[in-house]
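Residue numbers (my numbering): 320 to 417.
Note that the Cβ used here is the ideal one computed from N, Cα and C, for glycine as well.
All figures in this text were calculated on a predicted structure; none of them were measured in a lab.
Take a look at the structure below.
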């Protein structure tokens, strides 16, 4: 799995990159294995925003979150991505071919 990080209007942080990489591993439990993840950290005035783009075979999921810190934003955005992947997985499991 390839993980890319982009920082806009803020300094790159290796601790933040390591934290996001740690949290990504729980996404591997879904049927679609993410091939590429893109994290974009943006600081605009007083708003901190985290965008997550997950791409894979037959998979394109996007989520964003804002928060007081980037760590909270990463947690919330990955939670949104996990919810979307769980929904896709349940649709495939409940699909009946007639």
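Where residue i falls, given that 16 or more other Cβ within 10 Å makes a residue buried
i	result
residue 376	exposed
residue 380	buried
residue 405	exposed
Residue j beta carbon less than 8 Å from that of residue i
i	j	result
residue 356	residue 389	no
residue 374	residue 393	no
residue 382	residue 400	yes
Residue range of the unbroken alpha helix (DSSP H) whose run includes residue i
i	result
residue 342	333 to 343
Close Cβ partners of residue i (< 8 Å) along its chain, the five nearest in sequence each way excluded
i	result
residue 419	Nothing about residue 419 can be reported from this structure: the residues present for the chain run from 320 to 417 only.
Same chain, Cβ closer than 6 Å to residue i, five either side skipped, listed in chain order
i	result
residue 419	Given a span of 320 to 417 for the chain in the structure shown, any question on residue 419 remains unanswerable.
residue 326	360
residue 391	none
Residue range of the beta strand (DSSP E) that includes residue i
i	result
residue 324	321 to 327
(request) Go through the stretch 357 to 398 residue by residue and report every complete run of the beta strand (DSSP E) that reaches 3 residues or more, in order. (result) 366 to 375, 378 to 386
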